[in-house]
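Heads up, the sequence shown is in the numbering used here, so the first residue is 79 and it goes up one at a time. Ideal placement from N, C-alpha and C gives every residue a C-beta, glycine not left out. Values in this document were obtained by computation on a predicted structure and should not be read as measured data.
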Amino acid sequence: MTQQHRILVGDCIDMMRTLPDQSVHTCITSPPYFGLRDYGVDGQIGLEASPREFIDNLVAVFREVRRVLRDDGTLWVNLGDSYAGSWGSQNKRETPAEISRNSIRNHPKRASGTGRLGGGYKGKDLMGLPWRLAIALQDDGWYLRQDIIWHKPNPMPESIKDRCTKAHEYLFLLSKGPRYYFDQDAIREPATASTLTRWNQDIAAQAGSDRVPGKNNGTMKAVGRSKRNSFARDTKYSGGEHGQTGQHRSGRTYINYDETRNKRSVWTVATANFKGAHFATFPPDLIRPCVLAGAPRGGLVLDPFGGAGTTALVAMQEGRQSVICELNPEYAALGRQRIDIAWIGGAAQMDLIYDY
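This is the structure in structure tokens:
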């Protein structure tokens, strides 16, 4: 199990340099927010002297990710945004998405004159860091394939009066090339009730469109997905007429509906806290579609900001291998504990299955 789910403790770039080229199927990660939390380890990302330095450091991390990623690999990145907040009112309690001027100004690099805020940020500005990162990665050679909205039904309350409470984050899908592994069928979602009704109803009462004066296309029928050739009938020739295997059978009741649809780009996932960690963890239900779509069974999933090991946990649950990097030894130990407990629990369940 240790070889199937590895935890590399140290700087993520240094740790990824120990991995072979093109050995990873997909990378799923959530980097630290900018300027919001000190994880207590030197060299951590998120406490840079300026947003630009923060983005530059992340681009360097994902450049190493690109090396270890297969040519058909994908990168899924969730990054929370930040506000250039109260600008010096340090006596006020900051929300998780608000940075004060002093928190940056008092940074060691700022004090030494080696860093500056820059970027034209003003008080109360939304920094737009997720999109700044996405565009920077695109400029660095990545294909930016999609922006997915992570909708949070249980957002953290905010005591603000001049904007809406933040209830979403971005999850970006990027790839190394124009063609990449993506198992769409693995993440199909149930069709809505209205869609199923539309597929099954006969709209005989609706008149066809008058495309040509005096001509009518007749009544319409809503159709759903059907099995191959389910609308065909045999002809008197085994090969069918004009080389066809069958002809359309008019008036046939349409059946065999596929009651699923392609996954949409807005994912509603509640935030999740792990009681053993003093920070918000990556929700498993946000990671799961990325694992299912991004790597085949037995494939390797990477998370350079492993935290409490949630990405590895989901990869294990879905029959994938994983390797995560974590700078903080305490968090790495926490992740190992979670994975070990889940592994033992899963093995026990398999024993129960085999006993019967």
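- Unbroken alpha helix (DSSP H) run spanning Arg141, endpoints: Within the sequence shown, residue 141 is the residue found at index 63, counting from 1. Start and end: 129-146.
- Message: Less than 7 angstroms between the C-beta atoms of Trp154 and Leu251, yes or no?
- Response: Counting from one through the sequence shown, the residue named residue 154 turns up at place 76. Counting from one through the sequence shown, the residue named residue 251 turns up at place 173. Yes, Cβ-Cβ distance for Trp154 and Leu251 is below 7 angstroms.
- Message: Suppose you measure from the CA of Asp217 to the CA of Met93; what does that come to, to the nearest Å?
- Response: Residue numbering aside, residue 217 sits at position 139 when the sequence shown is read from its first letter. Residue numbering aside, residue 93 sits at position 15 when the sequence shown is read from its first letter. So the alpha carbons of these two residues sit roughly 25 angstroms apart.
- What does DSSP give as the partner residues of His246 in its beta bridges? Within the sequence shown, the letter at position 168 stands for residue 246. Looking at the DSSP assignment, His246 forms a beta bridge with His229.
- For Val87: DSSP bridge partner residues: Here the question's residue 87 lines up with position 9 in the sequence shown. Answer is Glu404.
- Own chain partners of Arg171 with C-beta closer than 6 angstroms, once the 5 adjacent residues on each side are dropped: For the purposes of this step, residue 171 is identified with residue 93 of the sequence shown, where counting begins at 1. Reliability fails at Arg171, whose pLDDT of 35 lies under 50, so the model's placement of it is uncertain and the value that follows must be treated cautiously. Answer for Arg171: no residue qualifies.
- Query: Whose C-alpha, out of Val137, Val146, Leu136, Ile422, is nearest the C-alpha of Thr378?
  - Reply: Position 300 of the sequence shown, counted from the start, is the residue given in the question as residue 378. Here residue 378 turns out to be Leu, not Thr, going by the sequence shown. Among Val137, Val146, Leu136, Ile422, the Cα nearest to that of Leu378 is on Val146.
- Locate the beta strand (DSSP E) running through Leu378, then write down its first and last residues. By one-based count along the sequence shown, residue 378 stands at place 300. 378-381 is the span of the beta strand (DSSP E), which, as asked, contains Leu378.
- Query: Can Phe260 and Ala371 be called in contact, C-beta distance under 7 angstroms?
  - Reply: For the purposes of this step, residue 260 is taken as the residue at position 182 of the sequence shown. For the purposes of this step, residue 371 is taken as the residue at position 293 of the sequence shown. A contact, by the Cβ cut-off of 7 angstroms.
- Sort Pro362, Cys368, Asp225, Gln399 by Cα distance to Thr388 and report the nearest one. Counting from 1 along the sequence shown, the entry for residue 388 is found at position 310. Measuring from the Cα of Thr388, the nearest candidate turns out to be Pro362.
- Under the rule that 16 or more other beta-carbon atoms within 10 Å means buried, what is His326, buried or exposed? Walking along the sequence shown from the start, residue 326 turns up at place 248. Confidence is the limiting factor: at His326 the pLDDT is only 46, short of 50, which leaves the residue's position unreliable, though a coordinate-based value still follows. The residue in question, His326, is exposed, as its Cβ has fewer than 16 Cβ neighbours within 10 Å.
- Which listed residue (Phe360, Thr107, Val401, Thr349) has its alpha carbon closest to that of Met234: If you number the sequence shown from 1, residue 234 lands on position 156. Nearest of Phe360, Thr107, Val401, Thr349 to Met234, Cα basis: Thr349.
- Query: What is the DSSP secondary structure of Ile106, reduced to helix, strand or coil?
  - Reply: Start at 1 with the first residue of the sequence shown, and residue 106 comes out as number 28. Three-state result, Ile106: strand.
- Thr359 classed as buried or exposed, judged by whether at least 16 other C-beta atoms fall within 10 angstroms: Walking along the sequence shown from the start, residue 359 turns up at place 281. Label assigned to Thr359: buried.
- Query: Can you give the beta carbon distance from Val119 to Gly151, rounded, assuming they're within the 8 angstroms contact cut?
  - Reply: Position 41 of the sequence shown, counted from the first residue, corresponds to residue 119. Position 73 of the sequence shown, counted from the first residue, corresponds to residue 151. Contact doesn't hold; Cβ gap of about 28 angstroms is too wide.
- Item | Same chain, Cβ closer than 8 angstroms to Pro98, neighbours up to 5 away in sequence not counted | Taking the sequence shown and counting its residues from 1, one reaches residue 98 at position 20. Result list for Pro98: Val146, in chain order.
- Task: Give the single residue among Glu404, Ser237, Pro367 whose Cα lies nearest to the Cα of Ile265.
- Result: Along the sequence shown, one-based indexing puts residue 265 at 187. Cα-wise, what sits closest to Ile265 is Pro367.
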